[in-house]
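Quick note: the sequence shown uses the working numbering, first residue 22, plus one each step.
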Amino acid sequence: SLQLLKNLTSPAYAAQIRSQISDTRTWNEASHYGAVLSQPEDHGTANLCVLAPNGDAVAVTSTINLLFGAQEQSLSTGIILNDEMDDFSAPNITNAFGIPPSPNNFIQPGKRPLSSMVPSIVVDGEGDVRLVVGAAGGTKITT
Numbered sequence: 022s023l024q025l026l027k028n029l030t031s032p033a034y035a036a037q038i039r040s041q042i043s044d045t046r047t048w049n050e051a052s053h054y055g056a057v058l059s060q061p062e063d064h065g066t067a068n069l070c071v072l073a074p075n076g077d078a079v080a081v082t083s084t085i086n087l088l089f090g091a092q093e094q095s096l097s098t099g100i101i102l103n104d105e106m107d108d109f110s111a112p113n114i115t116n117a118f119g120i121p122p123s124p125n126n127f128i129q130p131g132k133r134p135l136s137s138m139v140p141s142i143v144v145d146g147e148g149d150v151r152l153v154v155g156a157a158g159g160t161k162i163t164t
């Protein structure tokens, strides 16, 4: 969050935490030290964007889709399998993000589901990287 970033860069916040540290004891409650804890909602999608000093860039998004994917684990690899079939539309069924079905995305043999994942690297006219971006959020990624 923005407040966390402000805290991490604030000398006053660092001094306040330092004042709570004792040479003779510790406290088991993180709140004693002013910890601000949050558990972001996570449904199995991660995005990584990297820009190296030499201009090399990577944007990658990985997903198992909704919570725990297909809820199946490969016996040989231990990898949790995805449930990307859920990315297809089905008649009269609104998806997990509240979006109504689209006939263009109905299941058909050999068809891949539409996806909103668009990890992107934007370059200028000289080929220099200007932006490396991606996101989680299913159908709402592009909003």
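Glycine included, every Cβ here is placed at the ideal spot set by N, Cα and C.
CA nearest to the CA of E105, picked from G159, A33, D145
G159
S35 classed as buried or exposed, judged by whether at least 16 other C-beta atoms fall within 10 angstroms:
According to the sequence displayed, residue 35 carries Ala and not Ser. Exposed is the label assigned to A35, since fewer than 16 other Cβ atoms lie within 10 Å of its Cβ.
Do you know how far the Cα of S141 is from the Cα of A73?
15 angstroms
Thinking just about the alpha-carbon of each residue, which of N49, R46, V150 is nearest to the one in N75?
V150
Can you tell me where the alpha helix (DSSP H) holding N28 begins and where it ends?
23–29
Measuring straight from C-alpha to C-alpha, what distance separates A156 and N49?
35 angstroms
Closer than 7 angstroms by C-beta to I101: which residues in its own chain qualify, once you throw out the five before and the five after it? Chain order, please.
I85, F89, G90, Q94
Going by DSSP in three states, Q165 sits in which element: helix, strand or coil?
Because the chain in this structure spans residues 22 to 164, residue 165 falls outside the shown range and cannot be described.
Using the three-state DSSP reduction, which class does S52 fall into: helix, strand or coil?
helix
Secondary structure of Q94, DSSP reduced to three states:
strand
Mark D108 as exposed unless 16 or more other C-beta atoms lie within 10 angstroms of its C-beta, in which case mark it buried.
buried
Residue interval of the alpha helix (DSSP H) (run including S40)
32–40
Just curious, the beta strand (DSSP E) that S83 is in, first and last residue?
78–84
Buried or exposed: which applies to L135, given that a residue is buried once 16 or more other Cβ atoms fall within 10 Å of its Cβ?
exposed
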